[in-house]
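Visitor: My questions will all concern the structure given below.
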Amino acid sequence: MGQLVMVPLTTPMHSGRLGKKLVEWNLVLFWLLQVILFTITSTIFTGPCKPGLVFQVDGCLMPPDGPDSWPEKDSTKQWLVFYRLDGMTLTGEGTIEGNGEKWWDLPCKPHRGPNGSTSKGPCDSPALIRFFMSSNLAVSGLRIQNSPQIHMKFDGCEGVLIEKLSISSPKLSPNTDGIHLENTKAVGIYDSSISNGDDCISIGTGCANVNIDGLTCGPSHGISIGSLGVHNSQACVRNITVRNSVIRESDNGLRIKTWQGGAGCVSDINFENIQMENVRNCMIIDQYYCLSKACLNETSAVYVTGVTYRNIKGTYDVRNPPIHFACSDTVACTDILLSEVELLPEEGELMDDPFCWNAYGNQETVTIPPINCLREGQPESQGEVSSVGC
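When we follow our numbering, the leftmost residue of the sequence shown carries the number 103, and every step to the right adds one.
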């Protein structure tokens, strides 16, 4: 059965520290009682191990408080890493507190406040929790908050179940994605809430068969597929479904974003039964994504096809049109389907019509506001579509 690790109280303040950096285990149960405030430094929990491992948090688990408290020998790219595990559960009724505020205030961070500015300097900040090259994972019940950067990252994983999770950080906390998926397949995210300063959920290249249901998202940057194709790379994303969810007070709603010059394919994307509440860019495909004004025009692009928007209703922020499909000049977006889309201004009147560029598809019902720019059928000519390997 392996071993049971009991963590003793080390001070009258009910706090503990785990100093060992690399922990090897067969079956380990961490049980942190509700009265415990427990601090550990950057740690890698590594397998392989027997399936059935449970990491249970019923107290408060946190990293050192900011860059000045971070041990110099520790990586500043990640805090808790679970590596090469199969059949692990991370659960509990407790809180994983990221102590992110001092990281957000680094001069290099994008400061979006009224007098915000950004300066040069070291900028690495740790992702709070990372699962790497692991399978058959379950995460449930916890509150995860105030991460220095990404709250939870899955990279090279397969078989992930996330449910009844609460993730939060302030609206202006930079780069604090809630859940980031990369090269990860067979994912279910259910009945969870995320509010933060970046994407609620971001889906990178190599992801497939992702199902998101019952998500409450925002304030945030919405749900994002991408960015994809950076530095002329190939990106493959397929079979992503988001349904029965709410996005509120967010800079974006349902977004697909790719860089010019990329290759690969985004396909079989389904957005269904989504309620928008005062959201900018409710439905957006942006194939001209760029972090500066210096990006050059390029002819190749990630091919976007088979995107369905069904029963998308609610209100939008009039600073941007609610629908924006900016597809590549040479590789058109195809097979976009709209059905029962009704988006009304949160206040005032419609300021801008929906925008389309080289976007092809069909409307099953009348769309509100009307989207007259979506071209029917298929393009007469299509640039080279490089989706080999997707």
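Just so you know, even glycine gets a beta-carbon here, dropped at the ideal spot from N, CA and C.
1. I need the DSSP call for SER237, collapsed to helix, strand or coil.
2. Do SER347 and GLY320 have their CB atoms nearer than 7 Å?
3. Determine the extent of the alpha helix (DSSP H) in which TRP205 is found, giving its start and end residues.
4. Can you name the residues that DSSP bridges to HIS282?
5. From which residue to which residue does the beta strand (DSSP E) around TYR185 run?
6. Take GLY328 as the anchor and find which of TYR405, ILE269 and LEU267 has the nearest alpha-carbon.
7. Where does SER441 sit, in a helix, a strand or coil, going by DSSP?
8. According to DSSP, is LEU129 helix, strand or coil?
9. Tell me the rounded alpha-carbon separation between SER177 and SER144.
10. Per the contact definition of three or more C-beta pairs closer than 8 Å, is the segment 424-435 in contact with the segment 446-464?
11. For a test of the three-state rule: what should DSSP assign to SER171, helix, strand or coil?
12. Closer than 8 Å by C-beta to VAL487: which residues in its own chain qualify, once you throw out the five before and the five after it? Chain order, please.
13. Could you give the residue range of the beta strand (DSSP E) that holds ILE387?
14. Give me, in chain order, the residues of the same chain whose beta-carbon lies closer than 7 Å to that of ASP509; leave out the 5 immediate sequence neighbours on both sides.
15. With distances taken from CA atoms, which of LYS395, ARG421 and GLY463 is nearest LEU440?
16. Let's test the definition: count the other Cβ atoms within 10 Å of the Cβ of HIS253 and tell me whether it reaches 16, buried, or not, exposed.
17. Could you compute how far the alpha carbon of ARG477 sits from the alpha carbon of ILE387?
18. Grab me the residues of PRO481's own chain with a C-beta within less than 8 Å of its C-beta, minus the 5 sequence neighbours each way, in chain order.
19. On the criterion of 16 or more Cβ atoms from any shown chain inside 10 Å, does CYS475 qualify as buried, or is it exposed?
20. Roughly how many angstroms lie between the CA atoms of LEU274 and SER483, to the nearest whole one?
21. Can you give me the Cβ contacts of ASN51 inside the same chain, cut-off strictly under 7 Å, excluding the 5 residues immediately before and after it?
22. Keeping to the same chain, check which residues put their C-beta closer than 6 Å to that of ILE264; ignore five residues upstream and five downstream.
23. Mind reading off the beta-carbon distance from ASP300 to GLY316? Whole number of angstroms is fine, and I expect it under 8 Å.
24. When the Cα atoms are used, what is the spatial distance from PHE234 to CYS309?
25. Would you report the Cα separation of LEU283 and ILE305, rounded to the nearest angstrom?
26. If GLY189 sits next to LEU163, beta carbons under 8 Å apart, how far is it from one beta carbon to the other, in whole angstroms?
27. I'd like the list of long-range same chain contacts for ASP167, defined as Cβ closer than 6 Å, with 5 residues on each side in sequence excluded.
28. Starting from CYS367 and walking both ways along the beta strand (DSSP E), at which residues does that stretch end?
29. Beta strand (DSSP E) containing VAL348: first to last residue?
30. Which whole-angstrom value is the C-beta distance of LEU230 and ILE198, which I expect to be below 8 Å?
31. Out of ARG340, SER322 and THR193, state which residue places its alpha-carbon closest to the alpha-carbon of GLN158.
32. Answer with buried or exposed for SER270, where buried requires no fewer than 16 other C-beta atoms within 10 angstroms of its C-beta.
33. Around the Cβ of LEU398, are there at least 16 other Cβ atoms within 10 angstroms (buried) or fewer (exposed)?
34. Could you name the residues that DSSP lists as bridge partners for ARG477?
35. According to the Cβ coordinates, are LYS211 and GLY243 closer than 7 Å?
Guide: To lay it out plainly:
1. strand
2. no
3. 203-206
4. LYS255 and SER304
5. 180-185
6. TYR405
7. strand
8. With a pLDDT of only 43 at LEU129, under 50, the local geometry of the prediction cannot be trusted, and the value read off the model is given with reservation. Of the three classes helix, strand and coil, the one that applies to LEU129 here is coil, per DSSP.
9. 7 Å
10. yes
11. helix
12. CYS367, TYR405 and VAL433
13. 385-388
14. Any answer about residue 509 is impossible in this case: the structure gives the chain only from 103 up to 492.
15. GLY463
16. buried
17. 15 Å
18. ALA434, THR436, ASN460 and TYR462
19. exposed
20. 43 Å
21. This structure does not reach residue 51, given that the chain is present from 103 up to 492, and the question cannot be answered.
22. VAL241 and ILE291
23. Not quite, the Cβ-Cβ distance comes to about 21 Å (not below 8 Å), so this is no contact.
24. 14 Å
25. 5 Å
26. Rounded, the Cβ-Cβ distance is 21 Å, inconsistent with contact.
27. ASN201
28. 365-381
29. 336-350
30. 7 Å
31. THR193
32. buried
33. exposed
34. TYR462
35. no
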